[in-house]
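> If you read the protein sequences in the order shown, they are chains A and B.
Numbering follows my numbering, in which position 145 of the first sequence is assigned residue number 169; successive positions increment by one, without gaps.
Numbering follows my numbering, in which position 120 of the second sequence is assigned residue number 177; successive positions increment by one, without gaps.
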Amino acid sequence: MTIDGLLYIALVFALVLGAAFPLGRYIAAIFEGRVTWLRPVETGFYRLAGIEEARQMGWQSYAIALLLLSVIHFGLLYAILRLQYYLPFNPLHIAGMSPRLAFNTAASFTTNTNWQAYVPEQQISNGAQMIGLCVHMFLSAAAGIAAAGAVMRAFTGSGLKTLGNFYTDLTRVTLYLLIPGALITATLLVLAGAPQTFAQAIQLHTLQSGAQPLAIGPVAFQEAIKEFGTNGGGFFNANSAHPFENPNAWTNLLENWLLLVIGFALPIAFGHMVKDKSQGRTLMAAMAIILALGCVGAYAAEATGNPLQTAAGVQASGNWEGKEMRFGIPASTTFNVSATCTSTGAVDSFADSYTPLGGAIPMFLMQLGEVTPGGVGSGFYTIIVFALLSVFVAGLMVGRTPEYLGKKVQAKEIKLAMLGVLILTLFILAGAGFSLITSSGVGSLANAGPHGLSEMLYAWTSATENNGSAFAGISADTKLLDYGLGAAMLFGRFAFMVPILAIAGSLAAKPKLAESAGTFPTTGPLFTFLLIGVIIILGGLQFMPADTLGPLAEHFLLYAGKSF
Amino acid sequence: MILRELRPAFSLVVLFTFLLGLVLPGIFTGAMQAVLPWQANGSLIRQNGQAIGSALIGQNFSGAQYFTPRPSALSPTPYTQDTSGASNLGPTSKVLLASVKQRVAAYLKAYGPGPVPADAVTASASGLDPDISLQNALRQAPAVAKARHLPFTTVTALVENMAHHPFLGIIGTDHVNVLKLNLALEHLPAS
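In structure tokens:
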């Protein structure tokens with residue numbers, strides 16, 4: 025570890041947190057319908073789609089609209105992937121995906137996961153990326169942000185029967201936030217060298233290796249929304265490590281900023297919506313502290329390097345296997361930790377080759393439930409669940425009525441919240457456990473010893489938490505993992521989102537009580553640390569036994585000089 | 058209840074697919090092709106009218122007269138330009154350790170005794186890493202100079218001249234683009 029490396033981490037935080045405040049205010053204005061600079065386009069969409077702008081939806085209608093749109097969009101992507109051979113923009117005549125791979129990929133992009141069981145350069149056409157995947161990168165992100173907006177509205181008043189209008193939320197977030205952000209940053213990416221062309225291969229005559237096709241495509245546009253919407257699905261197999269997706273250290277910093285900024289802006293937006301900015305800042309502080317610990321920890325682990333390689337005569341300068349020269353160690357680890365903390369799952373270096381502790385940190389951060397700051401929207405509504413659990417735990421400890429922003433938190437909400445937390449854990453641990461007792465699951469592993477267990481555990485964690493990164497040595501296109509992880513992604517997204525909308529609906533209807541002497545304060549350092557404690561204990565502790573057998577065991581074996 | 062949502066949900070999917078999947082990428086691609094054509098088409102380096110590579114994508118070089126890039130995990134051929142990826146071998150992998158030991162021995166044999174920079178014996182993330190560390194390039198310089206019958210100082214000066222350095226010591230690393238460096242070598246006047 026060097027001071028320069030730590031300064032890089034500090035720089036990322038300063039840029040992200042600095043931008044989150046104005047962006048959060050802007051997002052709140054979008055949710056409140058006060059942003060109108062594309063009004064003609066917006067109303068045109070409403071007219072064509074038959075949307076009544078003034079309509080307000082209860083939580084059930086909101087959830088049904090969101091689910092229905094997701095189902096339709098899932099079906100469209102499945103069809104595109106199966107039929108890509110016949111569709112335009114397929115200059116290499118790439119064949120359609122198999123049913124199970126198309127299912128897995130459609131589930132992955134509908135749920136904002138972007139787990140990739142396919143090899144992009146060989147298995148998907150420019151057209152399917154552009155018309156299929158890229159559109160999902162906008163809409164799945166917008167759906168998550170819309171749901172977060174609905175949850176925010178639950179705390180804005182007394183006896184509310186509705187949470188907003190899903191269609192206007194989705195349209196406004198896409199038009200006013202995601203499209204301008206993507207266009208501006210995509211232009212910067214092209215300026216730095218990310219390609220933007222409809223060609224899919226260019227013939228090269230390389231100096232020593234002769235004639236070879238060079239893979240290319242409309243990369244920059246997809247790369248921008250891939251990070252901004254915390255999607256993470258790489259245009260190429262090597263994801264953000266590929267020089268065309270991430271040409272230099274500046275684009276790496278830009279992409280790192282881009283994938284964090286909405287996640288940190290949403291709690292600020294919440295503060296504006298509920299007219300109590302310190303509530304938002306408190307949530308943001310908890311997110312930032314956990315992320316900072318993760319960034320520093322992973323950097324320390326990777327900068328320490330691999331003792332087996334040092335013993336083999338390699339100069340001690342950190343663990344360089346699976347990292348790109350132009351980024352360096354601190355920028356690589358910070359990118360990967362940011363992308364696992366946000367459910368982006370983009371990678372600029374390969375976690376399978378990280379040191380045991382360097383790889384354990386991203387995995388553990390996902391297991392916390394993707395709240396630091398989590399995926400766009402999903403991270404926000406998940407941290408609200410943890411905030412409700414925190415006031416409940418605090419209420420039990422000091423004997424006060426649990427309230428959050430004047431809303432009484434009662435048995436119904438706590439049961440739904442705990443169900444959400446436990447059900448995801450069960451899916452991850454049972455899924456990984458089951459896979460490892462099947463010969464198909466074991467056959468998918470690329471590495472032996474405890475690292476093999478880590479690979480499988482990481483896969484189920486990443487899918488269920490809708491992250492999408494991988495210990496990428498695993499062979500993911502098998503019957504077991506295509507269907508199993510596909511189900512995990514759908515479940516992790518929707519079986520979690522719907523109970524949260526139900527909680528929001530239930531809280532919205534309650535009276536908003538005035539603060540009294542008996543109210544436990546939900547702002548300030550005390551609540552921040554209580555929240556961090558609840559996230560780590562409730563979110564993370566359940567995974568300790570499994571993590572001990574995987575990365576922790578590998579760490580001690582590595583230092584005992586063992587290899588597998 | 059579901060029927061009521063069918064039209065807006067379906068229409069929004071269709072409208073946004075049209076806007077985000079066709080109209081915007083079409084306009085954006087057209088604009089970039091017009092304004093930044095070199096970058097938008099892959100930052101190609103041309104010689105005698107032929108594209109010989111991309112300034113951003115590494116390619117394989119072997120033999121003493123060229124600087125050698127980082128190991129590439131792409132198989133069967135390293136630096137295959139239409140694939141990408143890492144080794145994904147874990148820190149305790151016997152396969153990884155054996156490859157690293159083999160590369161260390163080869164490096165010491167080619168460039169003489171001295172430190173072995175980590176980037177020279179570990180596979181990159183993309184398998185297409187265009188760069189090597191400045192230290193690695195300087196270690197290779199004497200052997201390259203000898204093979205090309207060039208003065209050692211000329212080659213070292215070229216490396217130093219082409220090196221990138223981190224901005225304010227924070228953003229980026231000390232590194233050299235191997236393809237550009239090898240092309241520049243070819244244009245050095247023979248001694």
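The beta carbon of each residue, even a glycine, is placed where N, CA and C say it ideally should be.
Are the segment 62 to 70 of chain B and the segment 82 to 93 of chain A touching by the rule of at least three beta carbon pairs closer than 8 Å?
yes
> Considering only C-alpha positions, which residue in the set B:Ser119, B:Phe224, B:Arg196, B:Leu113 is nearest to valine 212 of chain B?
Position 155 of the second sequence, counting from 1, holds the residue named residue 212 of chain B. Valine 212 of chain B has its Cα closest to that of B:Arg196, out of B:Ser119, B:Phe224, B:Arg196, B:Leu113.
> Between the alpha carbons of glutamate 243 of chain B and alanine 143 of chain B, how many angstroms are there, rounded?
The residue given as residue 243 of chain B occupies position 186 in the second sequence. The residue given as residue 143 of chain B occupies position 86 in the second sequence. Taking the straight line joining both Cα atoms gives about 30 Å.
> Can the beta-carbon of glutamine 339 of chain A be found less than 7 Å from the beta-carbon of proline 174 of chain B?
Counting from 1 along the first sequence, the entry for residue 339 of chain A is found at position 315. Counting from 1 along the second sequence, the entry for residue 174 of chain B is found at position 117. Result yes, Cβ atoms of glutamine 339 of chain A and proline 174 of chain B sit closer than 7 Å.
> Closer than 7 Å between beta carbons: that is the criterion. Which residues of the segment 101 to 125 of chain A meet it against chain B?
none
> Name, please, each residue of chain A whose Cβ falls closer than 8 Å to the Cβ of asparagine 218 of chain B.
Along the second sequence, one-based indexing puts residue 218 of chain B at 161. Chain order gives no chain A residues near asparagine 218 of chain B, where near means a beta carbon separation below 8 Å; the closest approach is about 18 Å.
> For methionine 154 of chain A, decide whether its Cβ has a neighbour in chain B, counting only Cβ atoms nearer than 7 Å.
Position 130 of the first sequence, counted from the first residue, corresponds to residue 154 of chain A. With 7 Å as the cut-off, methionine 154 of chain A counts as an interface residue toward chain B.
> I'd like to know whether the C-beta of valine 59 of chain A is nearer than 7 Å to at least one C-beta of chain B.
Here residue 59 of chain A is taken as the residue at index 35 of the first sequence, counted from 1. No, valine 59 of chain A does not count as interfacial toward chain B.
> For chain A, find out if any of its Cβ atoms is closer than 7 Å to the Cβ of phenylalanine 75 of chain B; answer yes or no.
Within the second sequence, numbered from 1, the residue matching residue 75 of chain B stands at position 18. It does not: the Cβ of phenylalanine 75 of chain B has no partner Cβ on chain A nearer than 7 Å.
> Can you tell which of A:Gly383, A:Gly423, A:Phe515 has the C-alpha that lies nearest to the C-alpha of glycine 476 of chain A?
What you label residue 476 of chain A is simply residue 452 of the first sequence in a count that begins at 1. Comparing Cα positions, the closest option is A:Gly383.
> Distance cutoff 7 Å, beta carbons only. Does arginine 350 of chain A sit that close to anything in chain B?
For the purposes of this step, residue 350 of chain A is taken as the residue at position 326 of the first sequence. Yes, contact with chain B.
> With a floor of 4 residues, list each alpha helix (DSSP H) that falls wholly inside the segment 50 to 80 of chain A, ordered by position along the chain.
63 to 73
> Taking buried to mean at least 16 other C-beta atoms within 10 Å of its own C-beta, is arginine 64 of chain B buried or exposed?
Position 7 of the second sequence, counted from the first residue, corresponds to residue 64 of chain B. It counts as exposed.
> Mind reading off the beta-carbon distance from alanine 112 of chain B to aspartate 372 of chain A? Whole number of angstroms is fine, and I expect it under 8 Å.
For the purposes of this step, residue 112 of chain B is identified with residue 55 of the second sequence, where counting begins at 1. For the purposes of this step, residue 372 of chain A is identified with residue 348 of the first sequence, where counting begins at 1. Going by Cβ atoms, the distance from alanine 112 of chain B to aspartate 372 of chain A rounds to 19 Å, so no, they are not a contact pair.
> Hey, could you find the ends of the beta strand (DSSP E) arginine 103 of chain B is sitting in?
One-based indexing of the second sequence puts residue 103 of chain B at position 46. Counting along the chain, the beta strand (DSSP E) containing arginine 103 of chain B begins and ends at 101 to 104.
> Does DSSP put serine 264 of chain A in a helix, in a strand, or in coil?
Here residue 264 of chain A is taken as the residue at index 240 of the first sequence, counted from 1. In the structure shown, serine 264 of chain A sits in a helix (DSSP, three-state: H, G or I).
> For chain A, is any of its Cβ atoms less than 7 Å away from the one on lysine 166 of chain B?
As a working note, residue 166 of chain B is residue 109 in the second sequence. No, no contact with chain A.
> Around the Cβ of isoleucine 27 of chain A, are there at least 16 other Cβ atoms within 10 angstroms (buried) or fewer (exposed)?
For the purposes of this step, residue 27 of chain A is taken as residue 3 along the first sequence, with counting starting at 1. Label assigned to isoleucine 27 of chain A: exposed.
> With serine 478 of chain A and methionine 390 of chain A assumed to form a contact (beta carbons below 8 Å), what rounded beta-carbon distance in angstroms separates them?
Counted from its first residue, the first sequence places residue 478 of chain A at position 454. Counted from its first residue, the first sequence places residue 390 of chain A at position 366. Not quite, the Cβ-Cβ distance comes to about 12 Å (not below 8 Å), so this is no contact.
> Would you mind listing the alpha helix (DSSP H) stretches within the segment 81 to 167 of chain B that are 4+ residues and don't spill past its ends, in chain order?
81 to 92, 94 to 97
> Contact check, aspartate 186 of chain B vs arginine 127 of chain B under 8 Å by CB: the rounded distance?
Taking the second sequence and counting its residues from 1, the one referred to as residue 186 of chain B is at position 129. Taking the second sequence and counting its residues from 1, the one referred to as residue 127 of chain B is at position 70. The pair is a contact, with the Cβ atoms about 5 Å apart (cut-off 8 Å).
> Can you tell me the Cα-Cα spacing of alanine 43 of chain A and asparagine 270 of chain A, whole angstroms?
Here the question's residue 43 of chain A lines up with position 19 in the first sequence. Here the question's residue 270 of chain A lines up with position 246 in the first sequence. Rounded to whole angstroms, alanine 43 of chain A to asparagine 270 of chain A spans 22 Å at the Cα level.
> Candidates A:Leu212, A:Ala130, A:Ile88: which alpha carbon is nearest valine 522 of chain A's?
Along the first sequence, read from residue 1 onward, the residue named residue 522 of chain A stands at position 498. Comparing Cα positions, the closest option is A:Ile88.
> With 7 Å as the C-beta to C-beta threshold (strictly closer), list the residues of the segment 253 to 271 of chain A near chain B in chain order.
Phe260, Asn261, Ala262, Ala265, His266, Pro267, Phe268, Pro271
> So is arginine 177 of chain A buried or exposed if we call it buried at 16+ other beta carbons inside 10 Å?
Reading the first sequence from its first residue, position 153 is the one you call residue 177 of chain A. Arginine 177 of chain A is buried by the Cβ-count criterion.
> Take leucine 307 of chain A and list the residues in its own chain whose beta-carbon comes closer than 6 Å to its own, dropping the five residues that flank it on each side.
Walking along the first sequence from the start, residue 307 of chain A turns up at place 283. Excluding residues within five positions, the ones whose Cβ falls inside 6 Å are Pro291, Ile407.
> Take proline 223 of chain B and list the residues in its own chain whose beta-carbon comes closer than 8 Å to its own, dropping the five residues that flank it on each side.
For the purposes of this step, residue 223 of chain B is taken as residue 166 along the second sequence, with counting starting at 1. Excluding sequence neighbours, proline 223 of chain B sits near Gly229, Thr230, Asp231.
> Got a sec? Which residues, its chain only, sit under 8 Å from glutamine 153 of chain A by beta carbon, not counting five neighbours each side?
In the first sequence, counting from the first residue as 1, residue 153 of chain A sits at position 129. So the qualifying residues of the chain are Pro144, Gly241, Pro242, Gln246, Phe259.
> For the alpha helix (DSSP H) containing glutamine 45 of chain B, name the first residue and the last one.
Beyond the ends of chain B as shown, which are 58 and 248, falls residue 45 of chain B; an answer cannot be given.
> Anything in chain A within Cβ reach of asparagine 64 of chain B, meaning under 8 Å, just list it in chain order.
Indexing the second sequence from 1 puts residue 64 of chain B at position 7. The sequence given here places arginine at residue 64 of chain B; asparagine does not occur at that position. Chain A residues near arginine 64 of chain B: Ala73, Gly74.
> Using 8 Å for Cβ pairs, my map puts arginine 350 of chain A next to asparagine 263 of chain A. What's the rounded Cβ distance?
The count along the first sequence starts at 1 and reaches residue 350 of chain A at position 326. The count along the first sequence starts at 1 and reaches residue 263 of chain A at position 239. Not confirmed; about 15 Å, so no contact.
> Return the residues of the segment 138 to 168 of chain B that lie within a Cβ-Cβ distance of less than 8 Å from chain A, sorted by chain order.
Of all residues in the segment 138 to 168 of chain B, Gln138, Asp139, Thr140, Ser141, Gly142, Ala143, Ser144, Asn145, Leu146, Gly147, Pro148, Thr149, Ser150, Lys151, Leu153, Leu154, Val157, Lys158, Val161, Leu165 have a Cβ within less than 8 Å of some Cβ in chain A.
> Output needed for leucine 600 of chain A: all residues of its chain with C-beta closer than 8 Å, excluding positions within five of it in sequence on either side, in chain order.
The requested residue 600 of chain A is not part of the displayed model; chain A covers only 25 to 588.
> Kindly examine the ligand MG and report whether one of its heavy atoms sits closer than 6 Å to the Cβ of glutamine 84 of chain A.
In the structure on display, the ligand MG does not appear, and there are no ligands present to speak of.
> With three or more C-beta pairs closer than 8 Å as the rule, is the segment 132 to 139 of chain A touching the segment 158 to 174 of chain A?
Between the segment 158 to 174 of chain A and the segment 132 to 139 of chain A there are three or more C-beta pairs closer than 8 Å, enough to call the two in contact.
> Quick one: which chain A residues come within Cβ less than 9 Å of alanine 194 of chain B?
On the second sequence, position 137 is the one that residue 194 of chain B refers to. Within chain A, not a single residue places a beta-carbon under 9 Å from that of alanine 194 of chain B; the smallest gap is close to 11 Å.
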